[in-house]
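Asks:
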Amino acid sequence: GGADLECDMLVLGAGPGGYSAAFRAADLGMKVVLVERYATLGGVCLNVGCIPSKALLHVAAVMDEVSHFESLGVSFGKPTVDLDKLRAHKGKVVGKLTGGLAAMAKMRKVTVLRGYGSFIDPHHVQVEETGGEGQERTGKSQTIRFKQAIIAAGSQAVRLPFMPQDPRVVDSTGALGLSAVPKRMLILGGGIIGLEMGTVYSTLGARLDVVEMLDGLMQGADRDLVKVWQKMNAPRFDNIMLKTKTVGAEATQDGILVRFEGEQAPKEPQVYDLVLQAVGRTPNGKKIGADKAGVAVNERGFIPVDVQMRTNVPHIFAIGDIVGQPMLAHKAVHEAHVAAEVAAGEKAVFDARVIPSVAYTDPEIAWVGLTEEQAKAQGIAIKKGHFPWTASGRAIANGRDEGFTKLLFDAQSHRIVGGGIVGTHAGDMIGEVALAIEMGADEVDIGKTIHPHPTLGESIGMAAEVAHGTCTDVP
Ligand code: FAD
133 GGADLECDML
143 VLGAGPGGYS
153 AAFRAADLGM
163 KVVLVERYAT
173 LGGVCLNVGC
183 IPSKALLHVA
193 AVMDEVSHFE
203 SLGVSFGKPT
213 VDLDKLRAHK
223 GKVVGKLTGG
233 LAAMAKMRKV
243 TVLRGYGSFI
253 DPHHVQVEET
263 GGEGQERTGK
273 SQTIRFKQAI
283 IAAGSQAVRL
293 PFMPQDPRVV
303 DSTGALGLSA
313 VPKRMLILGG
323 GIIGLEMGTV
333 YSTLGARLDV
343 VEMLDGLMQG
353 ADRDLVKVWQ
363 KMNAPRFDNI
373 MLKTKTVGAE
383 ATQDGILVRF
393 EGEQAPKEPQ
403 VYDLVLQAVG
413 RTPNGKKIGA
423 DKAGVAVNER
433 GFIPVDVQMR
443 TNVPHIFAIG
453 DIVGQPMLAH
463 KAVHEAHVAA
473 EVAAGEKAVF
483 DARVIPSVAY
493 TDPEIAWVGL
503 TEEQAKAQGI
513 AIKKGHFPWT
523 ASGRAIANGR
533 DEGFTKLLFD
543 AQSHRIVGGG
553 IVGTHAGDMI
563 GEVALAIEMG
573 ADEVDIGKTI
583 HPHPTLGESI
593 GMAAEVAHGT
603 CTDVP
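One rule links them: number in UniProt numbering = place in the sequence shown (from 1) + 132.
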């Protein structure tokens with residue numbers, strides 16, 4: 133008793149995980165309540181992540197592309213940038229998608245509740261209504277009784293404790309706000325998010341420094357892929373500081389003064405107009421009253437789940453960033469479908485062999501499955517097919533032949549176990565490699581598949597032929 137609203141399925145959080153779960157559950161006949169503290173659906177990905185970053189990266193890539201056109205006999209002159217219009221464009225892109233989600237929720241009769249949700253027991257969530265731009269409480273609240281629930285409360289950016297509270301110190305959300313273009317910008321953390329945002333700001337005119345504790349940028353990807361990106365992007369950076377960390381910072385009139393320690397640390401503290409903290413994301417597991425429902429949360433804030441996305445409480449599921457790495461939208465969506473289907477009584481499991489990763493920098497870096505480094509570390513014998521884009525007609529025609537495609541095959545079975553692509557549109561192509569791995573394809577399957585000519589995607593077929601020893605297109 134005592135509930136203001138009852139439902140079959142309560143979904144907490146409306147990011148890619150939450151809305152996908154809510155929609156699938158509704159399609160399977162459940163009465164669904166979707167709780168979201170912010171005004172729009174879509175979570176981090178649509179509002180302050182994947183989508184707005186790609187809207188800005190597209191503009192940056194076009195600006196960079198045309199800046200090389202003079203040597204081709206076409207000149208556009210020096211670009212002028214109207215930040216207000218650019219921001220408005222980004223807002224429109226986001227609005228189209230979040231508006232679309234709201235319409236889809238309505239069509240499916242999913243009840244969307246705006247508010248901050250926390251569990252009060254294993255079958256009730258309290259929703260404190262929020263309003264305005266952010267998550268300000270209005271003072272109203274209601275209690276929802278649910279039969280089953282899916283936790284999709286996502287993650288948030290990690291803030292370093294010694295960083296001053298100052299508008300010149302931002303996380304990715306602040307950086308996407310694009311309030312101004314700084315002269316000197318420090319990127320804290322050399323991962324995908326930091327380097328994507330750095331690409332945008334540098335194309336718009338900022339000089340970049342990046343500091344990374346580990347011994348290379350873009351951890352997780354094979355070094356040969358990263359090297360191609362790094363060579364082309366070197367002109368954006370004044371300092372790439374590896375094996376180095378920030379140990380202190382203070383806000384001064386001239387900028388944010390940052391002190392470094394480590395192998396490649398500058399002796400003097402450096403002053404920046406903008407500091408982007410991109411040192412990782414932390415799950416929101418400890419902020420939703422999970423203990424009241426009996427749901428276990430580990431010390432880092434992740435919620436452990438089984439292959440059916442069930443938490444330790446069988447009628448409560450969890451999906452997306454809050455259940456662990458990799459924190460990616462496409463992983464969240466697939467987990468969401470599994471959770472909703474299992475809740476509806478279907479025999480689903482999350483059984484992806486591989487989850488692709490993409491850095492939407494210029495050139496893009498995309499990889500999936502086993503990397504060469506992992507194969508070496510795990511003592512797995514592999515056969516490699518490496519196809520340089522200097523042998524790709526399309527890449528040459530595009531004036532962008534710096535990239536390459538490589539496929540890794542199990543030396544015994546000849547089945548594909550991994551692949552990496554660096555070059556323009558690498559992210560759009562990596563899906564084929566993921567499919568090949570899921571299907572257990574071998575060198576011949578991929579090499580004998582006729583790819584359209586001339587495309588960058590051909591390089592995947594060619595790389596398979598290189599591995600098989602039948603490629604006639606490379607010397
Ligand atoms: P989220 O998207 O974090 O959604 C969780 C939702 O729950 C949020 O809307 C939050 O407001 C809500 N919420 C949390 N707690 C409560 C509560 N108690 N009550 C009510 N509501 C609550 N991934 C990719 O795959 N590709 C990319 O290109 C990519 N680019 C990115 C760029 C940036 C700058 C960032 C920051 C991330 C990027 N990601 C990308 C990661 C991607 O955004 C996340 O993996 C994805 O959003 C996770 O989805 P989710 O549903 O688990 O959680």
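We put the beta carbon where it would ideally sit given N, CA and C, even for glycine. Predicted model, so just to flag it, every value in this text is computed and none were measured.
Residues in the same chain with beta-carbon distance under 6 Å from R316, minus the five sequence neighbours each way, listed in chain order, please.
Replies: R339, Y404 and D405
Asks: When the Cα of A498 is compared with those of M459, G551, E478 and G511, which residue comes out closest?
Replies: Nearest C-alpha to A498: G551.
Asks: Using DSSP bridges, identify the partner residues of S273.
Replies: E260
Asks: Consider the C-beta atom of L318 and the heavy atoms of the ligand FAD; say whether any pair is separated by less than 6 Å.
Replies: no
Asks: Can you check the segment 516 to 543 for any alpha helix (DSSP H) of at least 4 residues that lies completely inside it and give the ranges in chain order?
Replies: 525 to 529
Asks: How would you write the range of the beta strand (DSSP E) that K377 sits in, first residue to last?
Replies: It spans T376 to T384 - the beta strand (DSSP E) in which K377 sits, taken as one unbroken run.
Asks: Between the segment 155 to 172 and the segment 505 to 523, are three or more C-beta pairs nearer than 8 Å?
Replies: no
Asks: In three-state terms, what does DSSP make of R413?
Replies: strand
Asks: Count the other C-beta atoms from every protein chain shown that fall within 10 angstroms of the C-beta of N444, then say buried if there are 16 or more, exposed otherwise.
Replies: exposed
Asks: At 3 residues or longer, and completely inside the segment 458 to 493: list those beta strand (DSSP E) runs for me, N to C.
Replies: 489 to 491
Asks: Compute the minimum distance between the beta carbon of E504 and the heavy atoms of the ligand FAD, and state whether it is under 6 Å.
Replies: no
Asks: Determine the direct distance from the alpha carbon of T305 to that of H462, and round the result to whole angstroms.
Replies: In this structure, the straight-line span from the alpha carbon of H462 to that of T305 is close to 20 Å.
Asks: Among S287, G326 and A281, which one has its Cα closest to the Cα of V302?
Replies: G326
Asks: Hey, how far is the Cα of R246 from the Cα of F201?
Replies: 49 Å
Asks: The ligand FAD heavy atoms versus the CB of A484: any closer than 6 Å?
Replies: no
Asks: Just the Cα atoms here: how many angstroms apart are D354 and E344?
Replies: Rounded to whole angstroms, D354 to E344 spans 17 Å at the Cα level.
Asks: In terms of alpha-carbon separation, which member of A527, M195, I454 and D216 lies closest to K210?
Replies: M195
Asks: Can you look up L178 in the DSSP assignment and give me helix, strand or coil?
Replies: Three-state result, L178: helix.
Asks: Which same chain residues, not among the five before or five after W521, have their C-beta less than 6 Å away from its C-beta?
Replies: The residues are A527, D533, G535, F536 and G555.
Asks: So, helix, strand or coil for G421, using DSSP?
Replies: coil
Asks: Which term fits A366, buried or exposed, when burial requires 16 or more other beta carbons within 10 angstroms of its beta carbon?
Replies: exposed
Asks: Grab the span of the alpha helix (DSSP H) containing Q297 for me, first residue to last.
Replies: Q297 -> no alpha helix (DSSP H), and no H or E assigned at all.
Asks: Report the residue ranges of all alpha helix (DSSP H) runs contained in full by the segment 136 to 189; include only those spanning at least 4 residues, in chain order.
Replies: 148 to 159 and 175 to 180
Asks: For T493 versus T275, is the C-beta spacing smaller than 7 Å?
Replies: Here T493 is not near T275, since their CB atoms are 7 Å or more apart.
Asks: Quick check on the DSSP output: what are the complete beta strand (DSSP E) runs of length 3 or more inside the segment 334 to 377, in order along the chain?
Replies: Complete beta strand (DSSP E) runs here, min 3: 339 to 343 and 369 to 373.
Asks: Smallest Cα separation from P495: which of K238, L189 and L336?
Replies: L189
Asks: Just curious, the beta strand (DSSP E) that M317 is in, first and last residue?
Replies: R316 to L320
Asks: Rounding to the nearest angstrom, what Cα-Cα distance links E268 and E261 in this structure?
Replies: Those two C-alpha atoms are separated by around 8 Å.
Asks: Rounded C-beta distance between A284 and L137? I'm assuming under 8 Å.
Replies: A284 to L137, Cβ: 19 Å. No contact.
Asks: Between the C-alpha atoms of A480 and P458, what's the straight-line distance to the nearest angstrom?
Replies: 21 Å
Asks: Closer than 6 Å: is that where the CB of L460 sits relative to any heavy atom of the ligand FAD?
Replies: yes
Asks: For a test of the three-state rule: what should DSSP assign to E400, helix, strand or coil?
Replies: coil
Asks: Check each candidate in Q258, K424, V576 and L318 and name the one with the smallest Cα separation from F369.
Replies: L318
Asks: For the ligand FAD, is there any heavy atom lying closer than 6 Å to the beta carbon of A192?
Replies: Within the chosen limit of 6 Å, the ligand FAD does not reach the beta carbon of A192 with any heavy atom.
Asks: Compute the Euclidean distance between the alpha carbons of V358 and G161, then round it to the nearest angstrom.
Replies: 47 Å
Asks: Taking 8 Å as the limit between beta carbons, can you name the residues of its chain near D386, skipping five residues before and five after?
Replies: V403
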